[in-house]
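Undergrad:
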Amino acid sequence: MEKRKTWGQYWFVIQQLTAREVKRKYARSALGVLWSVLHPLLSMGVLSLIFSHMFRRSIENYPLYYLTGYLLWQAFTGATNGSITTLADNRALLLKVKFPMELFILTRSYTALINLGYSLVAYGVMLAVFRIPLGWPAVFLLPIVGCLFLFSLGISYALSAAYVFFGDVKHLYSVVLTLWMYCSALFYPVDQLSGPVRAVVEANPLYLFIRCLRGAMLEARPVLWQELALMFLWGIGVYGAGHGIFRACREKILQKL
Numbered sequence: 045m046e047k048r049k050t051w052g053q054y055w056f057v058i059q060q061l062t063a064r065e066v067k068r069k070y071a072r073s074a075l076g077v078l079w080s081v082l083h084p085l086l087s088m089g090v091l092s093l094i095f096s097h098m099f100r101r102s103i104e105n106y107p108l109y110y111l112t113g114y115l116l117w118q119a120f121t122g123a124t125n126g127s128i129t130t131l132a133d134n135r136a137l138l139l140k141v142k143f144p145m146e147l148f149i150l151t152r153s154y155t156a157l158i159n160l161g162y163s164l165v166a167y168g169v170m171l172a173v174f175r176i177p178l179g180w181p182a183v184f185l186l187p188i189v190g191c192l193f194l195f196s197l198g199i200s201y202a203l204s205a206a207y208v209f210f211g212d213v214k215h216l217y218s219v220v221l222t223l224w225m226y227c228s229a230l231f232y233p234v235d236q237l238s239g240p241v242r243a244v245v246e247a248n249p250l251y252l253f254i255r256c257l258r259g260a261m262l263e264a265r266p267v268l269w270q271e272l273a274l275m276f277l278w279g280i281g282v283y284g285a286g287h288g289i290f291r292a293c294r295e296k297i298l299q300k301l
C-alpha cells in the first residue's frame with residue numbers, strides 16, 4: 045500500500061513537471077501547442093517540394109512517407125536532446141527534494157511523448173487528405189511508440205549522466221544526430237542504396253521503428269513478430285544499459301552537482 049502511494053506521488057510529480065515543461069516551451073509562442081501540429085506539416089511541405097519529384101517513381105505518397113518517419117524522429121530527438129541538460133537545469137530542485145533523479149529525465153521523455161500525441165493529430169488529417177485507409181495493422185502504432193520510448197529513455201539516461209561530467213556531450217551529440225538522421229531513411233528510399241551503406245541503414249534501430257510504422261500505417265501491412273521482438277529487444281536493451289550507467293554514476297552525479 046505504501047509503495048503504491050509512493051508511485052502515485054511520483055506520477056503526480058511527473059505530471060506537474062511535464063506541464064511546466066510544456067508551458068515553458070511555448071511560453072513566448074502565440075500559437076502554443078499548435079506548433080506541435082504545424083511543425084511536422086511545415087517540415088513535410090518543405091521536404092516534399094525538394095524531393096517529391098526526385099522520388100515520385102519509387103515512393104508513393106511521398107509527403108506521408110516522409111511525415112511518418114519524421115514524427116518518430118522528432119519524438120526521439122525531442123526526448124534525448126531535452127534530457128541531456130535536465131539534471132543541470134534542475135540542480136537547485138534536485139538538491140532540495142528527495143525525489144529520484146530519474147523523475148526529471150522521465151519528465152523530458154514524457155514531454156516528447158505528449159508532443160508526439162499532438163503531432164499525430166496532424167498526421168491523422170494528412171492520412172485523410174491523401175485518402176489512406178487505416179487498416180487493423182494501425183494498432184501496431186502503440187507497441188512501436190512504446191519500444192521507441194524505452195529506447196529513447198535509455199539513451200537519455202546515459203546522456204544526462206555524461207553531460208554532468210563532460211559538457212561538450214551536448215555538442216558532440218548534435219553531430220551524431222546529423223549522421224544518425226541520414227542513416228534513418230527519413231526522406232529517401234532504402235532500395236536505392238547498396239553495399240555497406242545499405243547495411244548500415246538497415247542495422248539502424250530507428251530505421252526499424254520507422255520502416256515498421258510506414259508499413260502498418262501506409263500499406264496496412266502487419267508488423268512481423270520477428271520485427272516486434274527485435275524492436276522490444278532494442279528498447280529494453282538500450283533502456284537497461286542506459287539506466288545501469290545512470291545508477292552506477294548516481295553518487296558521483298550528486299557530488300558533481
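Numbering (our numbering), first residue to last: 45 to 301. Backbone N, C-alpha and C define an ideal beta-carbon position, used for all residues, glycine too. Note that the structure is predicted; figures quoted are calculated from it, not measured.
(1) Expressed to the nearest angstrom, what Euclidean distance is found between the alpha-carbon atoms of Cys256 and Met170?
(2) Rounded to the nearest angstrom, how far is the Cβ of Leu262 from that of Leu108, given a contact under 8 angstroms?
(3) Can you give the Cα-Cα distance for Tyr226 and Glu271, rounded to whole angstroms?
(4) How should Phe253 be labelled, buried or exposed, when 16 other C-beta atoms within 10 angstroms of its C-beta is the threshold for buried?
(5) Is Ser153 closer than 8 angstroms to Leu203 when the C-beta atoms are compared?
(6) Consult DSSP for Val267 and reduce its assignment to one of helix, strand or coil.
(7) Would DSSP call Tyr232 helix, strand or coil?
(8) With burial defined as no fewer than 16 other Cβ atoms inside 10 Å of the residue's Cβ, what is the status of Val208: buried or exposed?
(9) What did DSSP end up calling Cys293 once you bin it into helix, strand or coil?
(10) Would you check if the distance between the CB atom of Leu157 and the CB atom of Phe193 is smaller than 8 angstroms?
(11) Does the region 182–191 come within contact of the region 273–282, defined as at least 3 CB pairs closer than 8 angstroms?
(12) Given that a residue counts as buried once 16 or more other Cβ atoms are within 10 Å of its Cβ, and exposed if not, what is Val183?
(13) Specify, as a first and last residue, the run of the alpha helix (DSSP H) that Leu150 falls within.
(14) Taking all protein chains shown into account, decide if Glu46 is buried (16 or more other Cβ within 10 angstroms of its Cβ) or exposed.
(15) State the DSSP-derived secondary structure class of Phe10, mapped to helix, strand or coil.
TA: Checking against the coordinates, here is how it stands:
(1) Each residue's Cα considered, the two are about 19 angstroms apart.
(2) 6 angstroms
(3) Distance between Tyr226 and Glu271, taken at the CA atoms: about 22 angstroms.
(4) buried
(5) no
(6) coil
(7) Tyr232: coil per DSSP, three-state reduction.
(8) buried
(9) coil
(10) Pairing Leu157 with Phe193 gives a Cβ-Cβ distance under 8 angstroms.
(11) yes
(12) exposed
(13) Element bounds for Leu150: Glu146 to Val173.
(14) Reliability of the predicted coordinates at Glu46 is poor, the pLDDT of 47 falling under 50, and the value obtained from them is presented with this limitation in mind. It is exposed - the Cβ of Glu46 has fewer than 16 other Cβ atoms within 10 Å.
(15) Outside the modelled stretch of the chain, which goes from 45 to 301, sits residue 10, for which no answer is possible.
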